[in-house]
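> Would you mind keeping the following structure in view while I ask a few things?
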Amino acid sequence: MTRFSIFTNRRGASPLALIAFVVIVCLLFAFPSLVESPYSRHIMVLLFLSTIMGESWNIIGGYTGQYSVGHAAYFGAGAYGTMIVMNASQFDADKLLELQDLAKDSRLSSLLLSAHDLHPWTGVLVGMVAALLLSLIIGSICFRLRGPYFVLASIAVAEIVRITVLNLADLTQGAEGILISTLPPLTIGNTVITDFSNNVPFYYIGLLLVLLTIFVTWLVQNSKLGYFFQAIREDQDAAHSLGISLTFHKNAALALSAVLTSLAGSFYAIYIKFVDPTTVLSLDLSVQIVLISIIGGIGTIFGPVVGALVLVPLSEVLRSNLIGESLISSGMVNSDSAFGHFLTENLSHAHVLIYGILVVVVILFMPDGVLGFFKSMVAKKRKEAA
Amino acid sequence: MAILEIKHVSKFFGGLAANSDVSFQLEQGMIMGLIGPNGAGKTTLFNCITGYYPPSRGEIVFDGRRMNGLQPNKVCKLGMVRTWQKVRPLAKMSVVDNVMVGALCHTNSLKKAREMAMEQIRVVRLEHRTDFNAGGLPIGERKKLEVARVLATQPKLLLLDEVMGGLNPAESEEVIQLILDIRRLGITQMVIEHDMKAIMRISDRIVVLNSGEKLAEGAPGEIVKNPEVVAAYLGSE
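As given, the protein sequences belong to chains F and P, one line each in that order.
Letter by letter, the first sequence follows residues 136 to 521 in our numbering.
Letter by letter, the second sequence follows residues -19 to 217 in our numbering.
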């Protein structure tokens, strides 16, 4: 019985799939020198970002079966941790004087003052630690609950985090958000790796993070931890009776997932250079993170990659009304006709609606995700051939 | 030597006594049958013993150690493990992966766990199903898988909750042989079973529960002649 083992949760990759993986990774590394356009790199960065988020969620949601719909909290922790420290490191003398004044009454201001002395890039670490602590707190509360109750609790706790960040304005600048005009150069020792003059460095950072999350997922899948996570997903009472500590393993899965998600948040923050609670801490984002995994296929290494490959272009095409525009510009549809009018006026505004409908269709007809759907198609073909 | 002592165990759900003042002992290496009409409290007793519920009163001593309040995973690590009346396969994992989860209870190496798992799969004769998804197995094989999985945790005491339920006579016979094989491995067993013929054949000793209380205890031959047991099962004037 042959199978695409690299695409499933079984052991051992087939040599063919491994070669394909290596070739694709090499092509991805060469991509910026092959394709000049900054827009294509932008799309790739969005793909990477989605993949990192999906892979991270997959560890707790896909492998351990705990559907956290509050991952924006960890994403926000990474994004805010990075931005706060980076912003503080760029304070000028006036701002520092003002802070010193404020610091007498406000702990948060004194915290910012001490952040000023940190290396700007340590914010990423700060974000990871914040996400880790947050995951342990959230885990200790939410894992008392099971199934749908856990989902609801995870949403609620993430909302608490959002509202807290909104109100800790001394530290987070509240609803205004934090904007950074220039990123400090990324250095190791005294060597400058990049000064972010274009978007190529973001491409490589994203690619490396994608490879990191895939590697971590692979490690999990091929370890005792992965077996225990999956056992908990399949039947937690049975897992419990077989000597698996539910509390420890659920929290371990959440912590791992949270730290990786915070990396996605940090990556987003330095790429967009702006964070505010509505973009990095919203329920929308939490749902988006879950969708990437579910659409692609949960509990598999490459499911989230497929999910990102489906969702990012889909949202991009719909947002830019690419289909409508090209139909009109190719002359197939007259822009003055009723249909043309519908395409330009109505459809372009309804892109979120269409996106939603397509997502529902995928979930209805491909319950195991796109990857699972194609896998069962291949299996069926094989069966017919045999 | 008694491997398990149940001392005056009671379990209340609100005002309902699912078990009240149950006491008995299991000797090392024996097979203890636990029988009783529906609702007699057999499964509740299993849940109390394996840590799913703390007993309301009384004490459970396993291998010289008080077990009250220990979580099921700790109970398993100490060498006592149960199967489920309604089988609980890890459906999307293969047969060998299911058994490996049990084996990983005492080892960190996947390779070693796999060897241990294969050994237990041979014991229950499921070699031909090694790479199948557990969710796709017929009921008879699911029950065997359940047994292989608990055997892989290297238990001293096995609690089997209706392993023959829903099986045809040929499959039941296989499970009976399996239980006898397990006894030969030196593992003590406590078996809940409704099939009277089977339980009389395999048990060294039988405890009868009725309405949460221990009604009788003795060798199979004594139990069938016990008028109270007959009355509990068939009803009496």
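Where a beta carbon is used, it is the ideal one built from N, C-alpha and C, also for glycine.
For F/GLN356 and chain P, any beta-carbon pair shorter than 8 angstroms?
False, the Cβ-Cβ gap to chain P never drops below 8 angstroms.
> Is the Cβ-Cβ distance between P/ALA114 and P/LEU70 less than 8 angstroms?
Against a cut-off of 8 angstroms, the Cβ pair of P/LEU70 and P/ALA114 comes out as a contact.
> Starting from P/MET60, trace the beta strand (DSSP E) both ways and give me its first and last residue.
From DSSP, the beta strand (DSSP E) with P/MET60 extends over 60 to 62.
> Can you give the Cα-Cα distance for F/PHE183 and F/GLY491, rounded to whole angstroms?
When rounded, the distance between both Cα atoms is 22 angstroms.
> By alpha-carbon positions, which one of P/MET180, P/GLN51, P/GLU95 and P/SER152 ends up nearest to P/CYS28?
Here the closest residue by C-alpha is P/GLN51.
> Determine the closest residue to F/ARG279 out of F/GLN371, F/LEU354, F/PHE337 and F/GLY211, with distance taken between C-alpha atoms.
Checked all of F/GLN371, F/LEU354, F/PHE337 and F/GLY211; the closest Cα to F/ARG279 is F/GLN371.
> Measuring only the C-alpha atoms, how far is F/THR186 from P/ARG129?
If you take the alpha carbons of F/THR186 and P/ARG129, they lie about 36 angstroms apart.
> Shortest alpha-carbon distance to P/LYS177 belongs to which of P/SER191, P/ALA211, P/VAL204 and P/LYS66?
The shortest C-alpha separation from P/LYS177 is found at P/VAL204.
> If the cut is a Cβ gap below 8 angstroms, which residues of chain F does P/THR133 touch?
Those are LEU377 and GLY378, listed as they occur along chain F.
> So, helix, strand or coil for F/ARG146, using DSSP?
The pLDDT assigned to F/ARG146 is 48, lower than 50, so where the model puts this residue is not dependable, and the model offers no usable value.
> Pull up the DSSP beta-bridge partners for P/ARG181, would you.
In the DSSP output, where bridge partners are listed per residue, P/ARG181 has none listed.
> If we call anything under 8 angstroms between Cβ atoms a contact, is F/ALA250 one with F/SER397?
Cβ atoms of F/ALA250 and F/SER397: not closer than 8 angstroms.
> Would you list, in chain order, the members of the region 110 to 132 of chain P that have their beta-carbon closer than 8 angstroms to a beta-carbon of chain F?
Flagged, chain order: ASP111, ARG129 and VAL130.
> Looking only at its own chain, which residues have a Cβ that is under 6 angstroms from the Cβ of F/GLY309, when we skip the five neighbours before and after it?
Only LEU301 meet the Cβ criterion.
> Could you check which residue in P/GLY198, P/GLU208, P/PRO207 and P/ASN206 has the C-alpha nearest to that of P/ILE11?
Minimum Cα distance to P/ILE11 is reached at P/GLY198.
> Which one of P/VAL81, P/GLY19, P/GLU121 and P/ILE179 has the shortest CA to CA distance from F/SER380?
Looking at the Cα atoms, P/VAL81 is the closest of the given residues.
> Determine the chain F residues that contact P/MET96 at a beta-carbon separation under 8 angstroms, and present them in chain order.
Under the 8 angstroms cutoff, chain F gives no residues; its nearest Cβ is about 13 angstroms from P/MET96.
> P/MET80 lies in the alpha helix (DSSP H); which residues open and close that run?
That run of the alpha helix (DSSP H) goes 75 to 83.
> By the 10 Å Cβ neighbour count, where 16 or more other Cβ atoms means buried, how is F/PHE337 classified, buried or exposed?
When all chains shown are included, F/PHE337 counts as buried.
> When DSSP labels each residue in this structure, what does F/VAL264 get in the three-state scheme?
Helix, per DSSP.
> Using 8 angstroms as the threshold, is the C-beta distance between F/LEU342 and F/LEU163 below it?
For F/LEU342 and F/LEU163, yes; Cβs fall inside 8 angstroms.
> Let me make sure I understand the geometry here. Which of F/ASN333, F/GLU480 and F/GLY258 has the alpha-carbon closest to that of F/SER175?
The residue with the shortest Cα to Cα distance from F/SER175 is F/ASN333.
> Going along the chain, which residues of its own chain have a beta-carbon closer than 6 angstroms to the beta-carbon of P/GLY192, five neighbours each way excluded?
The residues are ALA(-3), ALA(-2), ASN(-1), SER0 and GLY21.
> Distance check for F/ILE219 and F/THR317, CA to CA, integer angstroms please.
In a straight line, the C-alpha of F/THR317 is about 14 angstroms away from that of F/ILE219.
> Report yes if the C-beta distance between F/LEU418 and F/ALA266 is below 8 angstroms; otherwise report no.
Their beta carbons are not under 8 angstroms apart, which means F/LEU418 does not touch F/ALA266 by this criterion.
> Can you tell me where the alpha helix (DSSP H) holding F/SER511 begins and where it ends?
Note, F/SER511: alpha helix (DSSP H), 504 to 520.
> Taking Cβ-Cβ distances below 7 angstroms as the criterion, which residues of the region 48 to 61 of chain P are in contact with chain F?
Of all residues in the region 48 to 61 of chain P, PRO52, ASN53, CYS56, LYS57 and VAL61 have a Cβ within less than 7 angstroms of some Cβ in chain F.
> Between F/ALA212 and chain P, is there a C-beta pair that is closer than 8 angstroms?
Judged by the 8 angstroms Cβ criterion, F/ALA212 is not in contact with chain P.
> Going by C-alpha distance, which of F/LEU354, F/LYS239, F/THR322 and F/GLY205 is nearest F/PHE575?
Residue 575 of chain F lies beyond the stretch modelled for chain F, which goes from 136 to 521, so this question has no answer here.
> Determine the burial state of F/MET467: buried for a count of at least 16 other Cβ atoms within 10 Å of its Cβ, exposed for fewer.
Looking at its Cβ environment, which holds fewer than 16 other Cβ atoms inside 10 Å, F/MET467 is exposed.
> Can you tell me which of the three DSSP states P/ARG45 falls into?
Residue state, collapsed to three classes: strand.
> Which residues in the same chain as P/ILE(-17) place their Cβ atom closer than 8 angstroms to its Cβ, once the five residues preceding and following it in sequence are excluded?
These residues qualify, in order along the chain: LEU6, GLU7, GLN8, PHE42, ASP43, LYS136, LEU137 and THR168.
> If you follow the beta strand (DSSP E) that P/GLU193 is in, where does it begin and where does it stop?
Start and end: 193 to 198.
> If I measure Cβ to Cβ from P/ARG122 and keep anything under 8 angstroms in the same chain, skipping five residues before and after, which residues do I get?
VAL67, PRO69 and ALA114.
> Please identify the residue among F/ASN325, F/ALA291, F/VAL264 and F/GLY438 whose C-alpha is closest to the C-alpha of F/ASP503.
Ranking F/ASN325, F/ALA291, F/VAL264 and F/GLY438 by Cα distance to F/ASP503 puts F/GLY438 first.
> Using 8 angstroms as the Cβ pair cut-off and three pairs as the minimum, do the region 244 to 259 of chain F and the region 214 to 230 of chain F touch?
Flag = yes, the region 244 to 259 of chain F and the region 214 to 230 of chain F touch.
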